[in-house]
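Residue numbers (this note's numbering), protein chains in the order written: chain D, 1 to 115; chain X, 116 to 227.
Ideal Cβ placement from N, Cα and C applies to all residues, glycine included.
None of the values given here were measured: they were computed from a predicted structure.
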Amino acid sequence: DGGITQSPKYLFRKEGQNVTLSCEQNLNHDAMYWYRQDPGQGLRLIYYSQIVNDFQKGDIAEGYSVSREKKESFPLTVTSAQKNPTAFYLCASRLLGGGDNQPQHFGDGTRLSIL
Amino acid sequence: GQNIDQPTEMTATEGAIVQINCTYQTSGFNGLFWYQQHAGEAPTFLSYNVLDGLEEKGRFSSFLSRSKGYSYLLLKELQMKDSASYLCAVRDWGQAGTALIFGKGTTLSVSS
């Protein structure tokens, strides 16, 4: 079945460590997004990409980095510069050119905690 | 600026009807989405409105008034499985790419 796969489901980070969250989609979607969700907060945009080898910062990009080497993959690295990384991270994708009513489809998320 | 407001929590009983309101302020409105999210899971798409009026999809309906910056999600014949968070999200021409601006979500608790 087509969908978005995020891994791992749970991740623990030590102080000073970089960690990478995986996001893979087989929906042939053009655009991919990373959001962060904190309790009592809405989803906040970290980074997005509309085409391979191109990505843009969202509202809270500091302390994060991404790459888009393949259409199917959009990994997110949480660097040691992100001082409050504990959150639920959601990856989404969307088909561009299919009409404005095309929704974003979400993966099941990765819950990141600090050890 | 951009702002989306929803009630934080709502409660209802099985079989009832509930209306979840969403008000928004954006500079370049280009569509409103409703998502359902069960705790610890991915948000799933419920509805899309870009023109004024009501969109009906089974037990769920969504309404939009662009002049008032207002939408609501109407859930009929409530079931226990409808207990979830409901997210209102707006697409704004001025927002990064095709990303959405999300409200904080409304947690709905359905009791028997």
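If you reduce the DSSP assignment to three classes, tell me which class residue i lands in.
i, result
"Asp-100/D", "coil"
"Asp-120/X", "strand"
"Lys-196/X", "helix"
"Glu-129/X", "coil"
"Glu-24/D", "strand"
"Ala-157/X", "coil"
"Ser-67/D", "coil"
Would you mind giving the Cβ-Cβ distance between residue i and residue j, rounded to the nearest angstrom? I have them listed as a contact below 8 Å.
i, j, result
"Thr-5/D", "Pro-75/D", "About 12 Å separates the two Cβ atoms, so there is no contact after all."
"Ala-31/D", "Ser-49/D", "7 Å"
"Gly-63/D", "Leu-90/D", "At roughly 17 Å, the Cβ-Cβ gap does not stay under 8 Å, so Gly-63/D and Leu-90/D are not in contact."
"Thr-237/X", "Val-225/X", "Since the first and last residues shown for chain X are 116 and 227, residue 237/X lies out of range."
Is residue i buried or exposed, if buried means 16 or more other CB atoms sit within 10 Å of its CB?
i, result
"Asn-26/D", "exposed"
"Ala-92/D", "buried"
"Phe-12/D", "exposed"
"Ala-81/D", "exposed"
"Ala-214/X", "buried"
"Leu-47/D", "According to the sequence provided, residue 47/D is Tyr. The question's Leu does not apply to it. Buried, since its Cβ has 16 or more Cβ neighbours within 10 Å."
In the DSSP assignment, what residue or residues form a beta bridge with residue i?
i, result
"Trp-149/X", "Ser-162/X, Cys-203/X"
"Asn-136/X", "Tyr-187/X"
"Ala-87/D", "Leu-112/D"
"Lys-172/X", "Phe-175/X"
*Unbroken beta strand (DSSP E) runs of length 3 or more, entirely within the segment 32–59 of chain D: which are they?*
44–51, 54–57
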